[in-house]
Each structure stands twice: as structure tokens, then as C-alpha cells.
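Chemist: Taken in order, these protein sequences are the chains called U, E, A and L. Mapped onto the working numbering, the consecutive letters of the first sequence carry residue numbers 1 to 335. Mapped onto the working numbering, the consecutive letters of the second sequence carry residue numbers 1 to 335. Mapped onto the working numbering, the consecutive letters of the third sequence carry residue numbers 1 to 328. Mapped onto the working numbering, the consecutive letters of the fourth sequence carry residue numbers 1 to 328. Backbone N, C-alpha and C fix where the C-beta goes; we use that ideal spot for every residue, glycine too.
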Amino acid sequence: MEVREKIQTELTHELMLEMYWIMLLSRRIDERAWLLHRQGKFPFHISGIGHEAAQVGAAFALKRGKDWLVPYYRDLAMVLAFGLTPAEFALGLMGKKGEPSSGARQMPSHWGLRRANIISTSSPVGTQTPHAAGIGFAIKYRGDDAIVLTSIGEGSTSQGEWYEGVNWAAIHQLPVIFLVENNEYAISVPRSKQMAVSNVAEKANGLGLPGITVNGLDVIEVYDAVKSAADRARAGGGPTLIEATVLRMTPHSSDDDDRMYRSREEIEEMKQKDPVNAFRDYLIQQNIITEAAQEKFQSRAKEEVNAAIKFAEDTPYPDVEDASYPVYAEDIRHG
Amino acid sequence: MEVREKIQTELTHELMLEMYWIMLLSRRIDERAWLLHRQGKFPFHISGIGHEAAQVGAAFALKRGKDWLVPYYRDLAMVLAFGLTPAEFALGLMGKKGEPSSGARQMPSHWGLRRANIISTSSPVGTQTPHAAGIGFAIKYRGDDAIVLTSIGEGSTSQGEWYEGVNWAAIHQLPVIFLVENNEYAISVPRSKQMAVSNVAEKANGLGLPGITVNGLDVIEVYDAVKSAADRARAGGGPTLIEATVLRMTPHSSDDDDRMYRSREEIEEMKQKDPVNAFRDYLIQQNIITEAAQEKFQSRAKEEVNAAIKFAEDTPYPDVEDASYPVYAEDIRHG
Amino acid sequence: MAEVTLIEGIRQAMDEELARDERVFIVGEDVGPRGGVFRATEGLYEKYGGSRVVDSPLAELSIVGMGIGAALYGLRPICEIQFADFIHPAFNQIVNEAAKMCYRSNGAWTVPMVIRAPYGGGIGGGLYHSQSVEAFFTHVPGLKVVVPSNPRDAKGLLKSAVRDPNPVIYFEPKKGYRLIKGELPEEDDLLVPIGQASISRQGKDLSVFAYGMMHYYTLQAAEIVAEEGIDVEVVDLRTLLPIDEQTILKSVEKTGKALIVYEGNLTGGYGAEISAILAEKAFVSLDAPIRRLAGPDVPAAPFSHPLQDWFMLDVSKIAAGIRSMAEY
Amino acid sequence: MAEVTLIEGIRQAMDEELARDERVFIVGEDVGPRGGVFRATEGLYEKYGGSRVVDSPLAELSIVGMGIGAALYGLRPICEIQFADFIHPAFNQIVNEAAKMCYRSNGAWTVPMVIRAPYGGGIGGGLYHSQSVEAFFTHVPGLKVVVPSNPRDAKGLLKSAVRDPNPVIYFEPKKGYRLIKGELPEEDDLLVPIGQASISRQGKDLSVFAYGMMHYYTLQAAEIVAEEGIDVEVVDLRTLLPIDEQTILKSVEKTGKALIVYEGNLTGGYGAEISAILAEKAFVSLDAPIRRLAGPDVPAAPFSHPLQDWFMLDVSKIAAGIRSMAEY
Ligand SMILES: Cc1ncc(C[n+]2csc(CCOP(=O)(O)OP(=O)(O)O)c2C)c(N)n1
Ligand SMILES: Cc1ncc(C[n+]2csc(CCOP(=O)(O)OP(=O)(O)O)c2C)c(N)n1
Ligand SMILES: [Mg+2]
Ligand SMILES: [Mg+2]
């Protein structure tokens, strides 16, 4: 990470440490999920490793508790920043009772958290983009002081759903931020087979909204970009498309084997650019954190992850009697 | 129309007269269709009045007999240029036997003409764009010396189908021309409610292909633009998006009443810019046609239209015994 | 009581719901100054303004998709799809998103929205302005599917749909927009409950199940055969999903014979489900094979009018179907 | 004869058809170097190159839409949809375009194409990697719909599908990809005709109709109940559209009882059509109500494994269904 002369004044040292904490926590529970998956503890994991800076930079630039989030499956760090707990994530991995996004009906990483304004998300990529436009429309309709951010992978911007959703926001100048986490792959398919433009941000030119590319490995650069887009959106200035270039440092998911389509050298090179390490080094270098304090963060993360996994392991599976509900809103049990 | 110093050398006087002839013929049969519809002779007409220059300029820039066409419902002049006869069009209006696009199964102006490489088109707007990409793909796959042109209205470029189809062609550098006939309305909805860009051609920037805007009331300007895009596509240079600005001088269709959403002054102003008259005046001014010859064109057009209508009126309706065929290719009767 | 057309019932429902609840808004192609291509939203743009009666881009999936988002935030969208034939681009949003939201979020999120779409043939619309697409949606748990057959139900069901906390697809028999007329009670707030079929004609010889335009024709056919001594019970299904099994079963327990009439394609159509329910749960009551009278298995009603007439069911074809059933 | 898995039958079919006819190409997400997320296209990119095994953008409607265009020009696309749950964005292209092309052009244009899609649950895939969506397509005249249940049919039907002049949707029971094994005859050119059901087990007490994974389970259930003295006839439907009515009716004329097993949602599912055909055309042969055993009416199989088990039919649930039917 570059050392910056001037960064957004809101970004106090305290806030930066909070950001680092979430990045670290996300990384550690993500790594643990890979491990437990390999041990056969659950059938599936999809990872955000390499995306943390983009996600945390974006989340912290929003007004958590007030703004809305329409994330996608890689956004573990983003939803942790919005208030999902590690234990709740672990419930999802194991399909346990009380999992808050879906009552364990959906696969892990299919986010949704009513208390944090994170709407329920599904698997078909691109469908969330029009939802974000609709939320933006409703915010404007109501005159509320909120904005909405929706994220997506670069491959999924090939979907007509994405195009139509962004188009709505551009036409109606809705308070929506479209964050594209560009990791250059859609499972095995490289960006060059998804689009003829060289940056996703160029797609904004065809849709009539501002578009920028930021280094998604630099949490502060992402924060700054999202913050100014958020300020503009909140002031009635309309939507922004932000492309954050990131690294998918793992296979697509636990079902994937990326050796079939990319070299080991490519993976090795990524490790040099690890966004979590980069932010740690930056904080140390800037004397925002001491080595000792950093070590404490590490051990606290380990403890929290252990506790989360233990909690989920000790939790029973959902009751089968509840499986057929609620298909309709009338079926929802209140209280 | 501006007088041009230099125009494409292929555009001989003979060819220009042919172009004028098709524009005129299209206009006359279109006007007649409105008249007959008002007399209750058939239930529906959708018009190309005001679009003729764009359509004829485009069609003549292609190698008819060799190139492929994926048109939309307003393209009467374009398909006449490709070889549909006025009588065949009239069969469509009246739903008569032998109508070549669909055996009168589809509404009028749902083009399709196997002998002329015009594929069958439907009503849902935007669906044709991926078809054109697929045809472009197949041409390249086979190494054939053809190209394909597909047309659409500006409103329909809001469809994800359009975006995805163009994206294919841009990624794979396919020999496809995407012609957008921008008449500023989709039924009643103005362009400003369809897109946040001010020209449809800007959409090309988001998709990574060249995009240009041409005056679609100027048949020669359109011809030139399509010709050079066609040359490039044929040489392996990939697709082009061409926006032709045109006028929809009529209501959307015979079912529409445009007084609800646009002023009569707007319509009156259009008449000053009528593309058929403009080309006539140009040809006269340039001494390419004499007044007398022009008058002959007019009377010949009238005769052809009369004959076409008479032919269709004299033709019976399709046989009801054939109505249930051919749902599957096996049902097609050959010979 | 005033006699009004079916489309007027629809328009009144929207007008009243827009006035009642400011969360309600309309979105669709040409619903604004144009008042809808069929005029269902006529006058509403002028009355409620462009922020509540919103001309959308020409893009169905995002009409539904933005509606879902707005509903999640707390609004009550009424999405208009200009023709049912053009609902297909929105299939993913309807089936994978709107329908599954409640279950997939374990009730944390719901999608209170209405999707209105004119359906059906007989108007010279050819393959793409004539389709009956209800069976694609009656297979989808989480959706409600409603088809009115008269102005009163049209109004009362639509008002109920707007207030329903679930996604409701509301198919309008467009051929009947102005053809079907009926009395509208002068109620302040006319609501017809979703989920209940109605016995629109009592009879004892056989039961005919229909909805929308086909129900309108069936009632006429029933009067014709009544003069021949055949006493038909007509059931207007009205809500196709969830299915009012009780009313359906009771009718067949009484009459012993069932004919199901629908204008969409026969195979895999909505009538198959009604037949399957009866074949399982009313088996002992059945005195005759269950029959379906439906559109032929070609893509949709062709344009040319003799071909269209061939495709479409009408009063006399339905009467013939009833007679042959009665003879069994 | 070699024993192979179901997915190997699928792979071989594509390999042979690519070799036989240079008009054939494959297009879909990750079908290239990755060999497909399930490995169905493994080795084909290396063998035939990137121009014939084409990694598409992540955009299903254009996978099908470009396939239609290529087919119109004369190629023979095999379009892969990564999961059947993601076929919905392409619904418009399939239903409004591919299916209607032949009829709407009066036979001037046809769309010879195959759309392959893995379907079904039981693999921990949750709501969006478990769906059975066949009933959306068996209601569409102009489509053919095929579901193999063993390696031989998988290969032979897919080869037939590639040569069929119509759009064929080929649903693959993904849970059975490696679970279902069987012999492949050493035929040069193994073709299994589209449009024919097969009696996979002769029996006299009742007929069970199934396809895909449910057929695999049904055969096992039939053996279990056979030991209890119940002699089940099992019909593997194989082609869901067009329907092989003759085989279906003949079986019920023999046994007098029909049970239809499918794993998708009960209401409006494919079994409804089979039931409706029987209730009309085999009425006099029926000794018992027609029953359907199907997935419950919740959106799809949930993820958490006890919930998934609750959703999914299996051998013992099917055996129980057979017993209760036999007792009638
Ligand atoms: C409509 C749809 N098609 C296919 C898939 C299968 N799928 C899941 S993720 C994925 C790749 C997404 O790539 P990208 O958008 O770049 O996001 P990334 O995973 O790289 O973060 C695919 C093809 C899906 N989920 N939805
Ligand atoms: C998918 C779909 N939705 C709606 C319609 C109804 N419709 C027919 S033409 C049209 C307007 C098209 O406008 P534009 O693309 O600008 O073309 P123009 O008619 O102006 O030439 C609409 C909404 C349709 N045919 N298809
Ligand atoms: Mg990616
Ligand atoms: Mg237009």
C-alpha cells in the first residue's frame, strides 16, 4: 500500500484499526472454513480471501445501521463489517439452527440480515442489481437519508440483469453504488472472455453514470472512493460504478480445482500482494499499531474464530417440522 | 440533405435511383396500409414512415443475396430492399395464404424470408440481438464471406437481451452491424426515460466496439457509414454499433394514439424533414433524376401498390387444416 | 350499482389503492401519460404524478426486479407487464427471486408486490400478443396467481392483491377488458379474498371448471345446454394458486363429472393440475373420465383470423364439450 | 461391454458427435479448459479446440440466444446451462424464440439445438443448485424434453438430441452423474430414439412412472417391495415431451393402478400431465386413485441436510408410496 499524504479526515486511527480487525477476522475464519471443509466437517465453502480490502473499505464508507447492502457471495468481510457475527457465519457453513440469513435453507455465504439492512441474496448472479435499483428508488421515493451499495463479480456484469439494474439507477439518478470486485476470473473464465472493454469501469460510459477503477487491495483507496460516491449519492447526485481490482487467491469455491486453468506461479505472485498483510504493514509503518498490539489482534481473532466454530458445532440442526415454512408471508411465525 | 463532395464510388446514379425507388415504394404501400386499416380492411398496421432513409441506406450497403438480415418490425423499406415484394407484404397485412414469413401465423411486419437470408422475427423486442451474434459467430466459424446486420429501436436497447448480444459480438469480434433506429420514442416513452446517455452510440463505449451516430434522414450518410462498417466486418475487423437518428412520423402503430403524449407541432415539424422528399429533392437538384422521371416513379409506385393490394385481396385465407403444423421440424411438408 | 367494464374495475382498484396507501406505486411501460396501451392506468398519472405512476425503460426483468427491491424496502409496487407474452424476460426475477424470498430468508424478507399482465387470445394478436402463460407460474410455490372473470372480482381481487404480503401475479383476460361488463356494488372498499373459487352457477349434471375469458364463455355455454336439459355447475376458479381444493372437490362429489376449460396449450396446462387433484382425491365420486378442453398444442393463437378461430375455444366449442361429457 | 458412469455416457456422446459432424459445437460457462464444473466436457477443449468448445460470458440468455442464431445459420449448438436453476434468464429465448421458430416461420426456419442442464437435488446445493424445472418446458409446444436415467440412455439420447432438427432440452440428473453406473454396448453409433418411454421392469400389480434420478430410486424400491410380494411395473419416461402416451396407457390398462414419481414441486409438476392423460384416457382401467409422489411445495430442496432429507424423495419413501398404493 502506498503511503498517502492526505486521507479522508473521517478515517481516524481508531477507525483504521477497526477496519484492520474486520479484515483479519474475515481472513482467519475464511481460512478456518477451508480447513474444516477439507476435514469433511461441511460440504461447501466459498471464499473472500484477497477481496477483504475492497469489502471493508466499502463497508466502512457507508453509514452502517442506516445504509443498505445488497452483497454477493464473496462478501464475508463486508457483511462482518455490517454486523454479521462469526458465529452466525459458522452456523451457515454447517447448516445449523438459527442461521440468520435463511434458517439454513440456503448454502453458506448467501447473505441476508434484516437487523443490518442486508437483504436476502440468492445464487443466480446479477439478480441483485435490479433489487438495489429498486431500493434506491424507494429511498428516493420516501426521501430518506440512506443509500444502497450492491456488489458483484466482474464476470457477472455480463448478465443483462446487471445492465438493466444499473440503467434504472442512472436514468433516475438513484442513490446506489455499484461495486464490482474484479478478480479477473469467473470460475475459470478470464475477463477477456466476458467483455471487450479493458476495465469494468468503462461500462459506466455506456450507461451514463460516473465510473472509476480503484486498487481493491488498498483499503484506504477503496474507502475514499466509496466515501465520495456515497456523499454524492446522499446529496442527490446519483449512482456511481466503482470497480475494485482484487485477487481471488483461492479456487472459486471448495468444489473448484483451479489448477486446470491457471498456473501455480500466478497464485504465488498473488501472495506478495496480500491485502491483509499490506494493511498490517502499513499500520505498523505508520505507527498506528505496534507489533505487540498486532500480535494481540491475531490471538484475539484466533479466539473468536474458535468460539464461533465451537458455537456452531454445539448448535443443533434446524427442526424438520419447520422445513415446510414459510413459503408465504402468512406462514411466518412471529415472536 | 447536404450535398456531398465525395460519396462512395459504388454509389452510382443507377444505385441511387434504385434506392429512391425502394424508399418511395415503401412509403406508398405504408400510407396505403394506414388507409386500408382505417377502412377496416385489416386489424393492424405498424409503420416505417420516417425511417426509410436509414433502412434503405443500410440495406444497400450490404451484399444482398449473401449477407444476412435480422430486422425489426419497422423495417418495411429494408426488407423490400432485400427482396420482399409488396404483394407479400400485403398478404401479411391481411393474413392471407402464402404469406412467406409465417404462413400468416404472425402479425404483419414480423419479417422472415428464407430466400433472402432474412431470419424469422418475433414480437418480444431485443430477442433478435443474440440471434444476430449467433449468426455472426457461425459465419466466422465457417469462414464465410458474409456479414449480418440487425436493427432495433432505441427503446429496445434497454433490454438485457440487447446488451448480451452486442457483448458477444464485441468479445469475439464477430461480423455484425448493430443498427439502432433512434426515433426518440418507445411507444410513448421518450429516450430520456430509457437511458442516461444522450446518444445510443455511447453505449458502444461500455461494450468495447466502435459506435457512431449518423443522420438517419440522409440515405447517403447511412449508406456510407454502414458500408464502411460492413467492409471492416468482412475483413475481420469486428462489429460496429450504428445509431441512425430518424423520425417516427406516425403513431406507434394503428393501436396507438400519440396525441396523448406528444404535440401536433412536433408532428408538423417532422414533415419538413421527411426523408423521402429530401432524397427526391436531392436527386432532382443533382440532376440525377428529372421531374418527369420522378413523376413516373410516383405513378409506377401507385400501380405496384394497387396490384399488391389487389393480389392480397384476391388471395384466400390459409387452410384451417394446416393450422396445427408445423410445430416440429418433422411436420414440415416439403416440395 | 353501476354497470362497468372489466378494465374499469381494474382501473378503479388501482385508483383506490393509490389513494389509500402512499406506499403503492405503479411501474411499467407506457403506464404514464399514455395511460397504458389498454388504458388500464388512464388518468392515474395526471392524478398521482410521475413519481407514483412510473414509465419504466422497455425492460421487463428490471420492472419486476426493481419492484422486488422497492418491496423489500417497504413500498407496494404494482408492476405492469404490457402483455403476458412479454413476462418471460422477467421469469428469473419472478421465479428465482420474488417467489423464493420469503422461504429463503426464513421469513425475514417478504415481497408484497403485484404483477399485472393482460393474457389470452382472440384479439388478432398472433403468437406474441395472445399467450396464456399461467401454468408457468402455478408451478411456483411462493407465488399467488389470480385471474378475474368479471368487473367485481377484477376490482376486489386486485385490491386484495395490492394488500397481500406476497407476490401476486394478476392475469387480466384482455379480450374481456371491454366485452365483459357487470355491476359494481357501491362498497367503500370492495375486497374479494384471494384463495377462494366461486360457484358461479349451481348445477347437478356435471362440473365445469374455468377462469378468466373461458369462464365468461362457459357461463354462456351452460345456459345454452340448460335449454337442452343439461344442468351444469360452473366453478370460477379465480385464484389459481393457492388452489381452493375444497370447493373443487365438493363440486365433483356432487356432480360426479368434471370438465376443465382453459385457453392455453393443453399439455402441461393448468387444467392438468385440477385433473390430477380430482383423480387422486375425488376418484370414488367420478362417474366419467375427467376431460380437458384447452388450446391446441401449437405455440399460440395464430394471427390470420380463420386460424385464430381454429385455435380459440368459444361458446359453441365449450357447449359441444359439455354435451359430449353429459352423454357419457 | 464396459461399465461407465452416467456422466461418462454424456461425455462420450458429445465427443462422438463433435467428431462426426463439424457443425456441432459446445458453448457454455467453464466448458473449455475447466471441462465443465461437473467435468462433462472434460478433454473436449483439448481435443477440438476453443472454436468448437466455447467458454461463454456468464450470461445464460445469450448462450441460448446465440445458439439459436448459430442454428439458424446451419450449425448444431450444444448449449450448456451450468445448473438448471440458472436456465430461467434464458426462458424468453427458449420459450418465445427457439420453441416457436418452426411454427412461426411456417417451417422456413428451424432451430436444431440441444440445451443441456444438470437438475435435481440431494447434493447439498440448497435452493439454487437443486431445482427440477422440467415442468416449465413440458408445457411448451415446439420443444422436446429428455431426461436420461442410465448411462446407455444418457449417451444414446444425447446423440439423438444433437441430430434432432428441433430444440431439445436435455436435463441431467446430477446426483446420478457418478452414482449411476451401467453397461455401454460397444456400438459404433449408439442412438436411443427420442419420444419413447421404456418399461424398465415388468410387473402386474401397479405401474410406477418416473424419470431421471427418481427412476433410479424407483427401480430399487420395486425390488424391495417385490420381496414383500408386490409386483411393480416401472416405466422410465425418458422423453417427457412429446409424451409416449401409448406406452403409458398400455401399462395402466394392464395394472389398473398408477403412481407417478417426480422430485420437483408437486403442484403443477410434470406428473400432473401424466395423471390428467390417464384420468381421461385410461379411466375405465383404473382400479384406484392416481397418486403422485413428488417434492413438497416449498421453493426447492433446502441446504441443511436434515431439511434436504425431508425434501427429497428416496428409495424408502418411494417404497412406502408403492405399498400404500398396493393396499388400495
Ligand atoms: C445465473 C448464474 N449462472 C451461473 C452461475 C454459476 N456461477 C456461480 S459464481 C460464477 C462465476 C462468477 O464470477 P464473477 O462474477 O467474476 O465473481 P467471482 O466469483 O469471481 O467473485 C458462476 C458462473 C450462477 N451462480 N448464476
Ligand atoms: C419484450 C417486449 N416488451 C414490450 C413490447 C411492446 N412494445 C412493442 S414495440 C414497443 C416500443 C419499442 O420502442 P423502440 O425500441 O424505440 O422502437 P420503435 O417502435 O420506436 O421503432 C413496445 C414497448 C414488446 N414488443 N416486447
Ligand atoms: Mg470474478
Ligand atoms: Mg423508438
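1) Quick check: the Cα distance between K310 (chain E) and G83 (chain E), rounded to an integer number of angstroms?
2) Give a yes or no on whether 8 Å exceeds the smallest Cβ distance from R323 (chain A) to chain L.
3) Measure the alpha-carbon distance for V125 (chain E) versus T157 (chain U) and round it to whole angstroms.
4) Comparing alpha-carbon positions, which option in E:A307, E:L93, E:K63 and E:A54 lies nearest A77 (chain E)?
5) G134 (chain U) lies in the alpha helix (DSSP H); which residues open and close that run?
6) Below 8 Å between beta carbons: does that hold for V276 (chain E) and E14 (chain E)?
7) Once the 5 residues before and after G153 (chain U) are set aside, which same chain residues still bring their CB inside 8 Å of it?
8) For D287 (chain A), which residues in the same chain have their Cβ closer than 8 Å to its Cβ, ignoring the five residues on either side in sequence?
9) At a cut-off of 7 Å, is L217 (chain E) close to ligand 2 when judged by its beta-carbon and the heavy atoms of the ligand?
10) Hey, would you say R27 (chain U) sits closer than 8 Å to I49 (chain U), going by beta carbons?
11) By Cβ distance below 7 Å, which residues in the same chain neighbour V37 (chain L) in space, the five residues on each side in sequence not counted?
12) Can you tell me where the beta strand (DSSP E) holding W68 (chain U) begins and where it ends?
13) May I have all residues whose beta carbon comes closer than 6 Å to any heavy atom of ligand 3, sorted in chain order?
14) Going along the chain, which residues of its own chain have a beta-carbon closer than 7 Å to the beta-carbon of L249 (chain A), five neighbours each way excluded?
15) Are Y73 (chain A) and I139 (chain U) close, meaning C-beta to C-beta below 8 Å?
16) Going by DSSP, what residue range makes up the alpha helix (DSSP H) through N215 (chain E)?
17) Could you tell me which chain U residues have their CB closer than 8 Å to the CB of V329 (chain L), listed as they occur along the chain?
18) Going along the chain, which residues of the region 200 to 219 of chain E sit with their C-beta nearer than 8 Å to a C-beta in chain C?
19) Indicate whether at least one CB of chain E lies closer than 8 Å to the CB of F303 (chain A).
20) Contact defined as beta carbons within less than 8 Å: I believe A61 (chain E) pairs with Y223 (chain E). What is the distance between those atoms, to the nearest angstrom?
21) Would you call N205 (chain E) buried or exposed, if buried means 16 or more other Cβ atoms sit within 10 Å of its Cβ?
22) In whole angstroms, what is the alpha-carbon distance linking W310 (chain L) and P289 (chain L)?
23) Quick one: list the residues of chain A neighbouring V320 (chain E), beta-carbon separation under 7 Å, in chain order.
24) Could you give the residue range of the alpha helix (DSSP H) that holds I119 (chain U)?
25) Would you please verify whether the beta carbon of P151 (chain A) is less than 8 Å from any beta carbon of chain L?
26) With burial defined as no fewer than 16 other Cβ atoms inside 10 Å of the residue's Cβ, what is the status of G335 (chain E): buried or exposed?
27) Evaluate contact between the region 287 to 304 of chain U and the region 60 to 67 of chain A, counting only Cβ atoms and requiring at least three cross-stretch pairs below 8 Å.
28) Mind checking whether G332 (chain L) and A135 (chain L) have CB atoms under 8 Å apart?
29) Just the C-alpha distance for V234 (chain L) and A222 (chain L), rounded to the nearest angstrom, thanks.
30) With burial defined as no fewer than 16 other Cβ atoms inside 10 Å of the residue's Cβ, what is the status of R34 (chain L): buried or exposed?
31) Just checking: is the beta-carbon of G335 (chain E) within a distance shorter than 8 Å of some beta-carbon in chain U?
32) Whether or not the region 158 to 175 of chain U and the region 98 to 109 of chain A are in contact is what I'm after, with contact meaning three or more pairs of Cβ atoms, one per stretch, closer than 8 Å; do they touch?
33) Starting from E181 (chain U) and walking both ways along the beta strand (DSSP E), at which residues does that stretch end?
34) May I ask you to check if the CB of L58 (chain A) is nearer than 7 Å to at least one heavy atom of ligand 2?
35) Can you name, in chain order, every residue of its own chain whose Cβ lies under 7 Å from the Cβ of A230 (chain E), other than the five neighbours on each side?
36) Please indicate yes or no: does the CB of F209 (chain A) lie closer than 7 Å to some heavy atom of ligand 2?
Modeler: Quick look at the numbers:
1) Rounded to the nearest whole angstrom, the CA to CA distance from K310 (chain E) to G83 (chain E) is 20 Å.
2) By this cut-off, R323 (chain A) is not an interface position.
3) Spanning the two alpha carbons is a distance of roughly 21 Å.
4) The residue among E:A307, E:L93, E:K63 and E:A54 with its C-alpha nearest the C-alpha of A77 (chain E) is E:A54.
5) Counted as a single uninterrupted DSSP element, the alpha helix (DSSP H) harbouring G134 (chain U) occupies residues Q128 to R142.
6) Not closer than 8 Å, so no.
7) These residues qualify, in order along the chain: Y72, R74, V125, V180, E181, N182, N183 and A186.
8) Only residues of its own chain outside the window of five on either side were considered, and among them G256, K257 and Y328 have a CB closer than 8 Å to the CB of D287 (chain A), listed in chain order.
9) No; taking the cut-off as 7 Å, the Cβ of L217 (chain E) has no heavy atom of ligand 2 nearer than that.
10) Their beta carbons are under 8 Å apart, which means R27 (chain U) touches I49 (chain U) by this criterion.
11) Taken in chain order, the residues that qualify are D30 and Q82.
12) Element bounds for W68 (chain U): W68 to V70.
13) Result (chain order): U:G153, U:E154, U:G155, U:N183, U:Y185 and U:A186.
14) Residues K281 and A282 of the same chain have their beta carbon placed closer than 7 Å to that of L249 (chain A), with the five preceding and five following residues left out of the count.
15) Cβ atoms of Y73 (chain A) and I139 (chain U): closer than 8 Å.
16) N215 (chain E) -> not in any alpha helix (DSSP H); beta strand (DSSP E) instead, spanning G211 to N215.
17) Lying outside 1 to 328, the shown extent of chain L, residue 329 (chain L) is not represented and no answer is given.
18) Of the protein chains in this structure, namely U, E, A and L, none is chain C.
19) Proximity of F303 (chain A) to chain E, defined by a Cβ-Cβ separation below 8 Å, is satisfied.
20) Indeed they touch by this definition, with Cβ atoms about 5 Å apart.
21) Buried.
22) Rounded to the nearest whole angstrom, the C-alpha separation of W310 (chain L) and P289 (chain L) is 25 Å.
23) Within chain A, the residues near V320 (chain E) are P306, L307 and W310.
24) Where I119 (chain U) is concerned, there is no enclosing alpha helix (DSSP H), given that its DSSP letter is neither H nor E.
25) No, its Cβ sits nowhere closer than 8 Å to a Cβ of chain L.
26) With a pLDDT of 48 at G335 (chain E), under the threshold of 50, the predicted position of this residue should be treated as unreliable, though the coordinate-derived value follows. Exposed.
27) Output reads no: the region 60 to 67 of chain A does not touch the region 287 to 304 of chain U.
28) Absent from the structure is residue 332 (chain L), since the part of chain L shown begins at 1 and ends at 328.
29) So the two alpha carbons sit approximately 8 Å from each other.
30) Taking all protein chains in view, the Cβ of R34 (chain L) is crowded by 16 or more other Cβ atoms within 10 Å, so the residue is classified as buried.
31) Low per-residue confidence applies at G335 (chain E): pLDDT is 48, beneath 50, and the placement is therefore not dependable, though the value from the model is reported in the following sentence. False, the Cβ-Cβ gap to chain U never drops below 8 Å.
32) Output reads no: the region 158 to 175 of chain U does not touch the region 98 to 109 of chain A.
33) Counting along the chain, the beta strand (DSSP E) containing E181 (chain U) begins and ends at V176 to N182.
34) Checking the Cβ of L58 (chain A) against ligand 2 gives yes.
35) Closer than 7 Å at the Cβ level, and outside the excluded window around A230 (chain E), lie A61, L62, I147 and I177.
36) Not so, every heavy atom of ligand 2 lies at least 7 Å from the Cβ.
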